[in-house]
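Asks: I have a structure I would like to understand better, so I am pasting it below and will then ask my questions one at a time.
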Amino acid sequence: MFKYLNIVIAEIRRSLKESFSYKMGLVSDIVVLTLLYAGLIFMDTGSMLGEYYNNPGNSKTLLLLGYIFWSYSIAAISGVSNEISIEAVKGTLEQKFMAVIPYPFLIAGNIISSLLLSSIVAAVIIAFSNLIIGVSITVNGKVILSLLMTLVGMYGMGLILGGLSLIAKRINQLTLLIQIL
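All you need for our numbering is the position in the sequence shown, starting with 1, plus 529.
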């Protein structure tokens, strides 16, 4: 059991090291997602959310919460499907499937590191929202449970798209379409 746990931890470290070695990608993700959120706030696109939930005063908070869920979701879908697709193109996917450690443990490390990186991006967006716009959210058990249930489905979608990429090879546009919807 410790062997599998050590492999998951090693895979998390490898994936995080790879992500932080390409700092421009992480920084650009943070900048683009923060600017997109700021644009949504300043264009007042979330006003209908407050009306729908009979709480017009909380429309910006609802927009922030939905935006955080959406940013986690796009990272989950694209992260897993891209990892499988890239491994297949590089020719290392077969080696990972033939390894002593089952592939689900290897992909679990990637999923956890993706979750950690998404949490960094979400923390920056929440801090920006709180400091600049004055909108904050309370993270409680219900929010975390809802996020985890959402992410299970989104990572599942990413695995489905990753499997589809093994058959169809190029599914980037399909992944983008699913992320937008």
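Using N, Cα and C, we set each Cβ at its ideal position, and we do this for glycine too.
Since we're looking at a predicted model, the values are computed, not measured.
Given a threshold of 16 other Cβ atoms within 10 Å of its Cβ, counted over all protein chains shown, does SER600 qualify as buried or as exposed?
Replies: Stepping through the sequence shown from its first residue, residue 600 is reached at position 71. SER600 comes out buried.
Asks: Closer than 7 Å by C-beta to ASP558: which residues in its own chain qualify, once you throw out the five before and the five after it? Chain order, please.
Replies: Numbered from its first residue, the sequence shown carries residue 558 at position 29. Result list for ASP558: VAL650, in chain order.
Asks: Nearest CA to the CA of LEU592: which residue from GLU540, ALA567, GLY608, LEU688?
Replies: By 1-based counting over the sequence shown, the position of residue 592 is 63. Checking every option, the nearest Cα to that of LEU592 belongs to ALA567.
Asks: So the candidates are GLU612, ILE603, PHE634; which of them puts its Cα closest to the Cα of LEU706?
Replies: As a working mapping, residue 706 is identified with position 177 in the sequence shown. Of the listed residues, the one whose Cα sits closest to LEU706 is ILE603.
Asks: Verify whether the separation of the beta carbon atoms of LEU695 and VAL609 is less than 8 Å.
Replies: Here residue 695 is taken as the residue at index 166 of the sequence shown, counted from 1. Here residue 609 is taken as the residue at index 80 of the sequence shown, counted from 1. Taking 8 Å as the Cβ cut-off, LEU695 and VAL609 do not qualify as a contacting pair.
Asks: Just to confirm before moving on: does the CB-CB distance between GLY595 and ASN587 stay below 8 Å?
Replies: Residue numbering aside, residue 595 sits at position 66 when the sequence shown is read from its first letter. Residue numbering aside, residue 587 sits at position 58 when the sequence shown is read from its first letter. No, Cβ-Cβ distance for GLY595 and ASN587 is not below 8 Å.
Asks: For ILE662, tell me which candidate among THR590, SER643, SER675 has the shortest Cα-Cα distance.
Replies: As a first step, residue 662 must be located in the sequence shown, where it is residue number 133. Residue THR590 is the option with its Cα nearest to ILE662.
Asks: Helix, strand or coil for VAL664, going by three-state DSSP, please let me know.
Replies: Counting from 1 along the sequence shown, the entry for residue 664 is found at position 135. Three-state DSSP puts VAL664 in coil, outside helix and strand.
Asks: Can you have a look at LEU674 and say buried or exposed, based on whether 16 or more other CB atoms are within 10 angstroms of its CB?
Replies: Residue 674 sits at position 145 when you count from the first residue of the sequence shown. Counting Cβ neighbours within 10 Å, LEU674 comes out exposed, since fewer than 16 surround it.
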